[in-house]
Amino acid sequence: MDPWVSLFSGGKDSAWALYRALERDAPVERLVTVHPSGESFMYHMPATELAELAAESIGIPLVDVRPADFEAGATDDEDSGARGDRELEPLEAALEALAEELGGIGGVTAGAIESSYQTDRIEAMCERLDAELFAPLWRANPRELADSMLDAGFEITIVRVAAAGLDESWLGRRLDAEAFAELEELNEAYGIHILGEGGEFETLVTDGPHMERPIRLEYETEFDGVRGSLQITDAWLGDSDSR
1 MDPWVSLFSG GKDSAWALYR ALERDAPVER LVTVHPSGES FMYHMPATEL
51 AELAAESIGI PLVDVRPADF EAGATDDEDS GARGDRELEP LEAALEALAE
101 ELGGIGGVTA GAIESSYQTD RIEAMCERLD AELFAPLWRA NPRELADSML
151 DAGFEITIVR VAAAGLDESW LGRRLDAEAF AELEELNEAY GIHILGEGGE
201 FETLVTDGPH MERPIRLEYE TEFDGVRGSL QITDAWLGDS DSR
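With full-length UniProt numbering, you'll find the sequence shown wraps up at 243, consecutive numbering, no jumps.
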């Protein structure tokens with residue numbers, strides 16, 4: 001079987017796709033992290049620098065993709081479709097290089113849940129690479145998916161918020177059963193997707209069954225009354241027996 005590659009940001013969705021692939025004994029040999037330097041329509045943005053620590057804990061080599069600022073190539077008449085296509089180009093180039101290095105790519109994991117904008121482009125890219133797309137979160141029931149992550153032992157930390165109903169107290173909060181119950185209430189009140197699929201919040205997986213050691217963080221919070229993020233001042237891998 002040709003080697004697999006996991007599109008990996010360190011957030012819960014890409015981590016879950018990787019975990020499920022490893023459960024199937026898929027031969028994942030590389031993690032690939034895109035680090036947008038500007039606003040992105042295609043990629044998870046906050047805390048991607050911590051993907052390197054996660055990869056070290058997981059034990060799979062990481063490939064960084066650092067495209068130029070996505071805003072730099074934008075034009076006034078560029079529509080969102082053209083923007084998404086342009087943002088995909090550096091990722092596809094990196095995967096083409098990996099295919100040469102590894103002797104082919106048999107599969108690509110992706111953490112897409114409901115976004116056809118992202119998934120359609122990644123699926124088309126996989127077809128061009130002659131690789132299977134493995135997207136185990138696609139169209140899953142959000143609460144069932146959340147419960148599956150918790151049951152598996154995922155430790156998920158919120159690193160950014162950007163929606164009414166999510167105040168500064170959510171920054172750095174661990175997503176547990178109580179937090180998801182509150183998010184269901186916020187879904188009814190504000191329409192917040194309980195997995196943050198609409199960009200309402202972003203996450204970092206700091207521990208899980210696929211990781212040898214947990215990620216530990218020191219941080220400050222920055223919140224402007226509408227949106228906010230963790231300003232991480234230090235991050236390291238803890239001892240496995242400190243869980």
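We put the beta carbon where it would ideally sit given N, CA and C, even for glycine.
Using 6 Å as the cut-off, classify the Cβ of residue i as near or not near the heavy atoms of the ligand PLP, replying yes or no.
i   : result
G11 : Among the components of this structure there are no ligands whatsoever, and the ligand PLP is therefore not found.
If you draw a straight line from the alpha carbon of residue i to that of residue j, how long is it in whole angstroms?
i    : j    : result
T221 : K12  : 20 Å
I192 : A181 : 12 Å
E200 : V161 : 6 Å
A152 : Y190 : 29 Å
T33  : E202 : 15 Å
I58  : I232 : 21 Å
L31  : L98  : 11 Å
G103 : D2   : 7 Å
F154 : E144 : 14 Å
I122 : L88  : 8 Å
W236 : I156 : 16 Å
D234 : L217 : 6 Å
R66  : E49  : 11 Å
A74  : D239 : The predicted position of A74 is uncertain, since its pLDDT is 49 and thus under 50; a value taken from the coordinates is nonetheless stated next. If you take the alpha carbons of A74 and D239, they lie about 45 Å apart.
G196 : F134 : 21 Å
R20  : R83  : 30 Å
P61  : I215 : 17 Å
V5   : E101 : 12 Å
If you count every other CB in all the chains shown that lies within 10 Å of the CB of residue i, and 16 or more means buried, which is it?
i    : result
S14  : buried
G228 : buried
Q118 : buried
S116 : exposed
R128 : exposed
G107 : buried
R24  : exposed
A177 : exposed
P36  : buried
S169 : exposed
A164 : exposed
A93  : exposed
G10  : buried
Bridge partners of residue i, per DSSP?
i    : result
G228 : V161 and F223
F134 : T109
S6   : L31 and T109
E23  : BP columns for E23 are empty, so no partner.
E218 : D234
L62  : L31
D239 : Answer is none; D239 lacks a bridge partner.
E202 : R160
D120 : D120 pairs with nothing; no bridge assigned.
Comparing alpha-carbon positions, which option in the options lies nearest residue i?
i           : options                   : result
G172        : F223, P3, L186 and P142   : F223
V226        : P136, D167, L186 and P67  : D167
D219        : E127, Y19 and A47         : Residue 219 is actually Tyr in this sequence, not Asp. Selected option, being the one with the closest Cα: A47.
residue 278 : L22, L7, V5 and A94       : Nothing in the structure corresponds to residue 278, since the chain is present only between 1 and 243.
L137        : A17, L50, G84 and A94     : A17
L91         : L62, D234, E100 and M125  : M125
V205        : A51, W4, L7 and D120      : A51
G198        : E185, E114, S148 and I158 : E114
T109        : D241, F8 and R213         : F8
L150        : A179, D130, L95 and R86   : A179
I158        : R139, L183 and D147       : L183
Residue ranges of each alpha helix (DSSP H) within the segment 151 to 198, 4 or longer: 177 to 190
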